[in-house]
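Each number in this note's numbering corresponds to the 1-based position in the sequence shown with 229 added. Positions of the beta carbon are idealized from the N, C-alpha and C atoms, including for glycine.
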Amino acid sequence: MTIAANLGYPRIGPRRELKQALEAHWAGRLPEDGLRQAAAALRAQARALQRGSGIAHVPSGDFAFYDHVLETACAFGCVPPGYGWSGEGPVPLATLFALARGTPEAPALEMTKWFDTNYHYLVPTPSAAQGFRLVENRWAAAVAEGLALGCRTRPVLLGPVSFLLLSKPLDTDRPLDLLPRLLPAYEAALRGIAEAGAAWVQIDEPCLATDLPAGAEAAYRLAYDRLAQAAPGLGLLLASYFGGLGENLPLVASLPVDGVHLDLVRDPGQLAPALEALRPDLWLSLGVVDGRNVWRGDLRRAFGLLRQAAARSGGARRLMVAPSCSLLHVPQSLAHETALDPALRRRLAFAEEKLAEVALLARALDEGESVAAAAFRESDAVLAEARADAAAHRADIAARLAAVTPAMERRASPFAARAARQQARLGLPPLPVTTIGSLPQTAEVRQARARLARGETTPADYEAAMARLTEEAVRWQEAAGIDVLVHGEFERNDMVKYFAEQLDGYAVTKHGWVQSYGSRCVAPPIIWRDVARPAPMTVRWAAHAQSLTARPVKGMLTGPVTMLQWAFAREDIPRETVCRQIALAIRDEAEDLEAAGIAIVQIDEPAFREGLPLRAAARADYLRWAVAAFRLAASGLGDATQVHTHMCYSEFEDIIGAIAALDADVISIETARSRMALLDAFAGFDYPNAVGPGVWDIHSPRVPEASEMAALARQALRRLPAGRLWLNPDCGCKTRGWAEVRPAVGNLVAAARQLRAEL
Ligand code: GLN
Ligand code: ZN
Numbered sequence: 230m231t232i233a234a235n236l237g238y239p240r241i242g243p244r245r246e247l248k249q250a251l252e253a254h255w256a257g258r259l260p261e262d263g264l265r266q267a268a269a270a271l272r273a274q275a276r277a278l279q280r281g282s283g284i285a286h287v288p289s290g291d292f293a294f295y296d297h298v299l300e301t302a303c304a305f306g307c308v309p310p311g312y313g314w315s316g317e318g319p320v321p322l323a324t325l326f327a328l329a330r331g332t333p334e335a336p337a338l339e340m341t342k343w344f345d346t347n348y349h350y351l352v353p354t355p356s357a358a359q360g361f362r363l364v365e366n367r368w369a370a371a372v373a374e375g376l377a378l379g380c381r382t383r384p385v386l387l388g389p390v391s392f393l394l395l396s397k398p399l400d401t402d403r404p405l406d407l408l409p410r411l412l413p414a415y416e417a418a419l420r421g422i423a424e425a426g427a428a429w430v431q432i433d434e435p436c437l438a439t440d441l442p443a444g445a446e447a448a449y450r451l452a453y454d455r456l457a458q459a460a461p462g463l464g465l466l467l468a469s470y471f472g473g474l475g476e477n478l479p480l481v482a483s484l485p486v487d488g489v490h491l492d493l494v495r496d497p498g499q500l501a502p503a504l505e506a507l508r509p510d511l512w513l514s515l516g517v518v519d520g521r522n523v524w525r526g527d528l529r530r531a532f533g534l535l536r537q538a539a540a541r542s543g544g545a546r547r548l549m550v551a552p553s554c555s556l557l558h559v560p561q562s563l564a565h566e567t568a569l570d571p572a573l574r575r576r577l578a579f580a581e582e583k584l585a586e587v588a589l590l591a592r593a594l595d596e597g598e599s600v601a602a603a604a605f606r607e608s609d610a611v612l613a614e615a616r617a618d619a620a621a622h623r624a625d626i627a628a629r630l631a632a633v634t635p636a637m638e639r640r641a642s643p644f645a646a647r648a649a650r651q652q653a654r655l656g657l658p659p660l661p662v663t664t665i666g667s668l669p670q671t672a673e674v675r676q677a678r679a680r681l682a683r684g685e686t687t688p689a690d691y692e693a694a695m696a697r698l699t700e701e702a703v704r705w706q707e708a709a710g711i712d713v714l715v716h717g718e719f720e721r722n723d724m725v726k727y728f729a730e731q732l733d734g735y736a737v738t739k740h741g742w743v744q745s746y747g748s749r750c751v752a753p754p755i756i757w758r759d760v761a762r763p764a765p766m767t768v769r770w771a772a773h774a775q776s777l778t779a780r781p782v783k784g785m786l787t788g789p790v791t792m793l794q795w796a797f798a799r800e801d802i803p804r805e806t807v808c809r810q811i812a813l814a815i816r817d818e819a820e821d822l823e824a825a826g827i828a829i830v831q832i833d834e835p836a837f838r839e840g841l842p843l844r845a846a847a848r849a850d851y852l853r854w855a856v857a858a859f860r861l862a863a864s865g866l867g868d869a870t871q872v873h874t875h876m877c878y879s880e881f882e883d884i885i886g887a888i889a890a891l892d893a894d895v896i897s898i899e900t901a902r903s904r905m906a907l908l909d910a911f912a913g914f915d916y917p918n919a920v921g922p923g924v925w926d927i928h929s930p931r932v933p934e935a936s937e938m939a940a941l942a943r944q945a946l947r948r949l950p951a952g953r954l955w956l957n958p959d960c961g962c963k964t965r966g967w968a969e970v971r972p973a974v975g976n977l978v979a980a981a982r983q984l985r986a987e988l
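Okay, structure coming up:
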């Protein structure tokens, strides 16, 4: 019997119920009991839904109040002091949230991107001194919860090697050295899971799809030799995803596990060698339904892979059919997307629809293709229709792209010459202060937008309200002493969606939410046709703000790489081509801003790093086209116009050459949480242009003192010359309230003034 399995399910809820419950709890409106009840209800709903779709292996323990990596760390007692945990018993929810969000006394843990996704995890800080103890078996509890409601689930653990590789230990640079201390805690977890009544456990080792660091192979052998013995009778499914096993296949083949999950969407080519290498008695979980994109599967192709696997073993190989990875990264259900163009809607599958594909493929493998005949025909028809879509390939756009010259990807003069002209125009003080763009999206702003969506306000009234907020924001920034102002981005629902709504080729969803971090979700737009800009998108907002002040106002744009990376993109043409189409649209917008008198244009690329392929071998090609696309977007601007870019959650060490090649005049980066460590890459590289290291972590509600920001800035001054340093927060302020932004910006300006006096 082929098993239809799932690796993980969206946890936020079809209507973002978890977000609402979390935010009510943080605001003191929902007690912990209520939050836990809401979470249990969501889990019950998810289990029932998956079961109802025909999934036999329903995951559990994939739920998290904020982040599953953080919860793994807490379950093993990796909690630094100062967050309210006594060291005994389960880590309280209040501690979990303190670690995730920070408190007035203690900063939040560092947060970073989960592989090449837009999901963020909190970086665990284990230590040899603290050691590891299973203080709460959250996985056994998840199994028991399912069983109590009649559903035997398959708990999901982040595997010990990946857990350590994703950690930043406090007392060693070599996280894998901690493995021998960690393993007993994992063994205890597995024993508890078996006792709770699970038949299988899924152990995620996504690092197996990456280039492993030295020592990892030995660590994997040690870990799985031990874990395989911890709970005899409990099936161990080792899962990797986001890529192929590549040269790690022999290692995986040598591990004493009971099953292996392969991502056959990212790397279908790994099936044949895996069938050779993996023991014939091993269960094989074939990830043939894309967990990273929203397109309906090519069922016939997926079925071909499954059949290949079945045939290769003469029918003896035991198979599971699954999505390529957890469905955490796609929206939950297409059912509510009633406003999408029907031609697009037919081509889509969200989590619910993907599970139906998984279940159908598993059935077809057991019962014969004929049980799926109608679905296969439909899948063929949808693919044929997509191929025949004339609006997907526009001759005017192809012609413009073909006419791009190398000169169009280069500013007229080198940085030093540009900087002089810009300074002559702008007259900024040393260590200029700016923000990243967005100002608080208050209830007032969101309600105005909701009223517009419901037709309760006219577009004219809505725009007047946004213009008034912009004016207030300009006045406040002038009074606060900020040197380079922003218009505040009040009119933007989201930095990608706002543009996507105005560009040809994109579609936006109503409820297509995907978790980004904690309670924060994004609804990535869908790129399904050639992209072009029919009309200016931001110019009147920037021009309005600039008309109110003599100080420079930055025009704010989202860059081509981020516009691609934070969308669900078509797969029928290369990503490079999609990115260049977007770059031309952004280039037009930048030039229009310049023509409207805007002296500084910021092209945000927070997703630049995220797009980097996980495997080193594929990186150069990505960086080549990503850099070129950014330069194409920015290089229509004259020397006297200053180009800023912004990136958050990036490690720069291995891409600093590409960052320099972007040739932005100023780059603002996220450095507050890492206490300026991220700046080392810039200093070590002799980064030539200006940098604005974040001195205020806006992802936390905590307001830092001026002295704290000044201390961070002094650390930056030790690494880079004052003449090329700016001061700014880590990211936009849209998620913060004015009660935090006003004092924090006040402190930021005070810190800048103090430092200028010291120069
Ligand atoms: N300009 C955007 C803002 O301030 C940038 C956001 C981001 O980098 N994520 O909101
Ligand atoms: Zn940012």
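field: Buried or exposed (CB count within 10 angstroms, at least 16 for buried), VAL385
entry: Per the 10 Å Cβ criterion, buried.
query: If we ignore side chains and look at the alpha-carbon of each, how far apart do GLU987 and GLN944 end up?
result: Rounded to the nearest angstrom, the two C-alpha atoms are 14 angstroms apart.
query: What residues in its chain sit with their C-beta under 6 angstroms from that of GLN731, if we drop five residues either side in the sequence?
result: Excluding sequence positions up to five before and after GLN731, its CB lies within less than 6 angstroms of the CB of MET766, all in the same chain and listed in chain order.
- request: Would you please state the rounded distance, in angstroms, between the beta carbons of LEU393 and LEU407? I believe it to be under 8 angstroms.
  value: With 8 angstroms as the limit, LEU393 and LEU407 qualify as a contact, their Cβ atoms being about 6 angstroms apart.
field: Any non-hydrogen atom of ligand 2 within 8 angstroms of MET792 CB
entry: MET792 has its Cβ no nearer than 8 angstroms to any heavy atom of ligand 2.
- prompt: CB ARG525 to CB GLU582, shorter than 9 angstroms?
  reply: ARG525 places its beta carbon less than 9 angstroms from that of GLU582.
query: Can you give the beta carbon distance from GLU969 to PRO933, rounded, assuming they're within the 8 angstroms contact cut?
result: In this structure GLU969 does not touch PRO933 by the C-beta definition: roughly 10 angstroms separates them, more than the 8 angstroms allowed.
CYS307 CB to nearest heavy atom of ligand 2 below 8 angstroms: For CYS307, the shortest C-beta to heavy atom distance toward ligand 2 is 8 angstroms or greater.
field: Identity of the residues DSSP links to ARG383 by a beta bridge
entry: DSSP, once it has assigned bridges, lists PRO288 as partnering ARG383.
message: Classify VAL782: buried if its beta carbon has 16 or more other beta carbons within 10 angstroms, exposed otherwise.
response: By the 10 Å Cβ count, VAL782 comes out buried.
- request: Just mark THR567 as buried or exposed, buried being the case when its beta carbon has 16 or more other beta carbons within 10 Å.
  value: Exposed, since its Cβ has fewer than 16 Cβ neighbours within 10 Å.
message: Short of 8 angstroms in beta carbon distance, which residues of its chain neighbour HIS565, apart from the five on each side in sequence? Order them along the chain.
response: Excluding residues within five positions, the ones whose Cβ falls inside 8 angstroms are PRO243, LYS739 and HIS740.
query: Using the rule of at least 16 other Cβ atoms within 10 Å of the residue's Cβ for burial, across every protein chain shown, is ASP821 buried or exposed?
result: That one is buried.
query: Under 8 angstroms from any heavy atom of ligand 2, does the C-beta of CYS877 make it?
result: Correct: CYS877 has its Cβ closer than 8 angstroms to ligand 2.
message: Let's test the definition: count the other Cβ atoms within 10 Å of the Cβ of THR687 and tell me whether it reaches 16, buried, or not, exposed.
response: Taking all protein chains shown into account, THR687 has fewer than 16 neighbouring C-beta atoms within 10 Å of its C-beta and is therefore exposed.
is_contact[CYS436, chain C] using C-beta, thresh 9 angstroms: Note that chain C does not occur in the displayed structure, where there is just one protein chain.
- prompt: Does the separation of the CB atoms of PRO572 and ASP510 fall below 9 angstroms?
  reply: The question names Pro, but residue 572 is Ala in the sequence shown. No.
field: Whole runs of the alpha helix (DSSP H) within the stretch 610 to 665, excluding any shorter than 4 residues
entry: Fully enclosed alpha helix (DSSP H) runs of 4 or longer: 624 to 631 and 644 to 655.
query: CA-CA distance, GLU434 and ILE884?
result: Linking GLU434 to ILE884 through their CA atoms gives a straight-line distance of about 25 angstroms.
heavy atom of ligand 2 below 8 angstroms from GLY533 C-beta: No, since every heavy atom of ligand 2 falls outside the 8 angstroms radius drawn around the Cβ of GLY533.
- prompt: So does LYS342 have its beta carbon nearer than 8 angstroms to some heavy atom of ligand 1?
  reply: Checking the Cβ of LYS342 against ligand 1 gives no.
- prompt: Roughly how many angstroms separate the alpha carbons of LEU612 and ARG576, rounded to a whole number?
  reply: Rounded to the nearest angstrom, the gap between the Cα atoms of LEU612 and ARG576 is 8 angstroms.
query: Opposite THR787 in the DSSP bridges: which residues?
result: In the DSSP output, where bridge partners are listed per residue, THR787 has ASP833.
message: Let's test the definition: count the other Cβ atoms within 10 Å of the Cβ of VAL254 and tell me whether it reaches 16, buried, or not, exposed.
response: For the record, residue 254 in the displayed sequence is His; it is not Val. With 16 or more other Cβ atoms within 10 Å, it is buried.
query: Would you say ASP433 touches ligand 2, meaning its beta carbon is less than 8 angstroms from a heavy atom?
result: ASP433: no, Cβ never under 8 angstroms from ligand 2.
Contact belief for ASP759 with ALA621 at Cβ below 8 angstroms, rounded distance in angstroms: That pair is a contact at about 6 angstroms.
task: State the DSSP-derived secondary structure class of TRP757, mapped to helix, strand or coil.
output: Of the three classes helix, strand and coil, the one that applies to TRP757 here is strand, per DSSP.
query: Mind checking whether GLN279 and LEU594 have CB atoms under 9 angstroms apart?
result: Going by C-beta atoms, GLN279 is not nearer than 9 angstroms to LEU594.
- request: Check whether the Cβ of CYS962 lies closer than 8 angstroms to any heavy atom of ligand 2, and answer yes or no.
  value: Checking every heavy atom of ligand 2 against the Cβ of CYS962, none is found closer than 8 angstroms.
Residue(s) in a DSSP beta bridge with ASP875: Checking the sequence, you will find His at residue 875 rather than Asp. Answer is ASP833 and SER897, bridged to HIS875.
- request: Assuming LEU351 and VAL298 form a contact by the criterion Cβ under 8 angstroms, report the distance between their Cβ atoms to the nearest whole angstrom.
  value: Between LEU351 and VAL298, the beta carbon gap of about 6 angstroms places them in contact (Cβ cut-off 8 angstroms).
message: So, under 8 angstroms CB-CB, ARG546 and ALA538 are touching, yes? Tell me the CB distance rounded to an integer number of Å.
response: About 6 angstroms separates the two Cβ atoms, so the contact holds.
- request: List the whole-angstrom C-beta distance separating CYS808 from ALA858, where the pair is believed to meet the contact cut-off of C-beta under 8 angstroms.
  value: Contact between CYS808 and ALA858 holds, with the beta-carbon distance rounding to 4 angstroms and staying under 8 angstroms.
message: At a threshold of 8 angstroms, does GLU969 count as lining ligand 1 (C-beta to nearest heavy atom)?
response: It does not: the Cβ of GLU969 is nowhere closer than 8 angstroms to a heavy atom of ligand 1.
task: Please report the residue range of the alpha helix (DSSP H) in which SER776 lies.
output: Unbroken alpha helix (DSSP H) run through SER776: 768 to 776.
field: Other residues of its chain near LEU861: CB distance less than 8 angstroms, five sequence neighbours each side excluded
entry: These residues qualify, in order along the chain: VAL633, MET637, GLU638, PRO789, ARG809, ALA812, LEU813 and ARG816.
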